[in-house]
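Asker: In our numbering, the protein residues as written are 432 to 505.
Quick reminder that beta carbons are idealized off the backbone N, C-alpha and C, glycines included.
#1: Which of the three DSSP states, helix, strand or coil, is assigned to residue 462?
#2: In whole angstroms, what separates the C-alpha of residue 389 from that of residue 467?
#3: I believe residue 499 touches residue 481 by the beta-carbon criterion, under 8 Å. Please report the beta-carbon distance rounded to the nearest angstrom.
#4: Is residue 438 helix, strand or coil when you go by DSSP?
#5: In three-state terms, what does DSSP make of residue 477?
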């Protein structure tokens, strides 16, 4: 990420949604880059997405809880 892009993303609150697909693994790099740029990233995953990459991976990269069930907060 360029310095200019990092300055634009710093302090932003982003939600990244993942559905089932092999490209889910590429999003791990994106989340890492966004966090390193100063963004606060929340990841939301479908059950199918958790079969490709575990929620724990995204929790470790983002430093935030990962949501994969609509009932987690009820």
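Answerer: For this structure:
#1: Here residue 462 carries a helix assignment [DSSP, helix/strand/coil].
#2: Any question about residue 389 goes unanswered here, given that the chain covers just 432 to 505.
#3: 6 Å
#4: helix
#5: coil
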